[in-house]
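527 is the number of the first residue of the sequence shown in our numbering; add one for each residue after it.
In this text, a Cβ means the ideal position worked out from N, Cα and C, and glycines have one as well.
All of these numbers come straight from a predicted model, not from anything done at the bench.
For reference, the structure is listed below as structure tokens.
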Amino acid sequence: MKRCLTLMLLLCSLFVNGQDSIVVVFDRPLQTLLYHLRLERLDNDANQATLFWNYADSLNHIRAEFDMPPKEHSTDYASPALLSVICRNNGCDSTLVKDKIFIKSDNGISAILSLQRNGAASLSLGGDKPAEALSVPFDSERPGTLSFSTMKPTKTLNNFVLALRRDKSEFYNGDIEQLIADIKTSDDRLAAIWTYLDRNTDPAQTAVSRRYVLATVADGEGGYDIVYVDGDTPGWKPGQIKGHLRKTIFSDHFDLEWVTADGNVLRDDTSATFEGASNILRLDFPLLKSSVRFRRTSAGKR
527 MKRCLTLMLL LCSLFVNGQD SIVVVFDRPL QTLLYHLRLE RLDNDANQAT
577 LFWNYADSLN HIRAEFDMPP KEHSTDYASP ALLSVICRNN GCDSTLVKDK
627 IFIKSDNGIS AILSLQRNGA ASLSLGGDKP AEALSVPFDS ERPGTLSFST
677 MKPTKTLNNF VLALRRDKSE FYNGDIEQLI ADIKTSDDRL AAIWTYLDRN
727 TDPAQTAVSR RYVLATVADG EGGYDIVYVD GDTPGWKPGQ IKGHLRKTIF
777 SDHFDLEWVT ADGNVLRDDT SATFEGASNI LRLDFPLLKS SVRFRRTSAG
827 KR
């Protein structure tokens, strides 16, 4: 089972509202995002910019509209700029944020959109320095398109995007109901359906769902795929591969590869052990000071 986390950007030029823009198209869920846009202020004229994200079409997107005051002769003066964050759903606009921000700069205005691994997103405006970040919604499962436009022609000073794509695991090659039926008739003592039993974890580093239902299925090479059967993990569907057990020289002990809820892959110093006459599956994550146990609920012929 091969997985990798990759940087993914698809850039193309587009004219939006008559202004040259850069569009970033995301074709996969995102783990993190950092977008820095900096636009030059006009000498003697006010302007307005719009930043779009989660753009599916003109009727469904999120956008931030912000004023761009003209350049000031004195850099000691902070210009007021109105910021509005708007969610458009099926053509209907809802204003989520409306705030006045004071920007101190004689040159440009920056907008920084950030998405963290935990799903939290923020937006900040600034001149020489960024203002306090505001929480904004961001659908990391369907990131769509990222772009910007300006009301009047203006120079783009910086347009930087760094995105870490989340590669969801592949699906088990077969129907999930058939998988369960095959396990019930299997002669493999380690092929089973498992549910959460207990945990010994560091809450600051590990969060474990108590609704996990997993299956272990032989991979034909002495190891096992761990298949996600059911649970409450957002974005995960029954049949996806949740992890892999790779055989070692020790009986009932395997090297573990585990895909976290946000798509990150843990494989360093991780292991799995079948205990209690193979009725308990223990997953160990020593670097996270954590272990989780699952109990057998259904198995093949013993």
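Backbone CA spacing between residue i and residue j [nearest angstrom]
| i | j | result |
| --- | --- | --- |
| Ser600 | Ser631 | In this prediction, Ser600 has a pLDDT of 49, which is less than 50 and means its spatial position is unreliable; nothing more can be read from the coordinates. |
| Leu660 | Asp713 | 56 angstroms |
| Ala798 | Trp579 | 41 angstroms |
| Pro729 | Asp701 | 35 angstroms |
| Gly765 | Val755 | 6 angstroms |
| Arg736 | Pro760 | 14 angstroms |
| Leu577 | Thr676 | 9 angstroms |
| Ile588 | Asp745 | 43 angstroms |
| Gly769 | Leu683 | 44 angstroms |
| Trp720 | Glu747 | 21 angstroms |
Where residue i falls, given that 16 or more other Cβ within 10 Å makes a residue buried
| i | result |
| --- | --- |
| Glu783 | buried |
| Asn573 | buried |
| Asp619 | exposed |
| Phe811 | buried |
| Gln704 | exposed |
| Leu771 | buried |
| Arg564 | buried |
| Lys653 | In the sequence under discussion, the amino acid at residue 653 is Gly, which differs from the Lys named in the question. Label assigned to Gly653: buried. |
| Ala657 | buried |
| Ala707 | exposed |
| Phe686 | exposed |
| Thr796 | buried |
| Phe776 | exposed |
| Leu609 | buried |
| Arg614 | buried |
| Tyr561 | buried |
Cβ pair residue i, residue j closer than 8 angstroms
| i | j | result |
| --- | --- | --- |
| Ser648 | Phe628 | no |
| Asp569 | Pro596 | yes |
| Ser804 | Arg725 | no |
| Val739 | Asp751 | no |
| Ala741 | Ile709 | yes |
| Phe820 | Leu723 | yes |
| Gln557 | Leu690 | yes |
| Val611 | Ala582 | no |
Residue i: CB within 7 angstroms of a non-hydrogen atom of the ligand HEM
| i | result |
| --- | --- |
| Pro679 | Looking for the ligand HEM in the displayed structure turns up nothing, as the structure carries no ligands at all. |
Integer-rounded CB distance, given that residue j should sit under 8 angstroms from residue i
| i | j | result |
| --- | --- | --- |
| Phe664 | Leu688 | Going by Cβ atoms, the distance from Phe664 to Leu688 rounds to 15 angstroms, so no, they are not a contact pair. |
Could you name each continuous beta strand (DSSP E) segment of 3 residues or more that falls completely within the region 578-611, going from the start of the chain to the end?
586-594
Every unbroken beta strand (DSSP E) inside the region 670-742 [3 residues or more]:
671-676, 682-691 and 718-726
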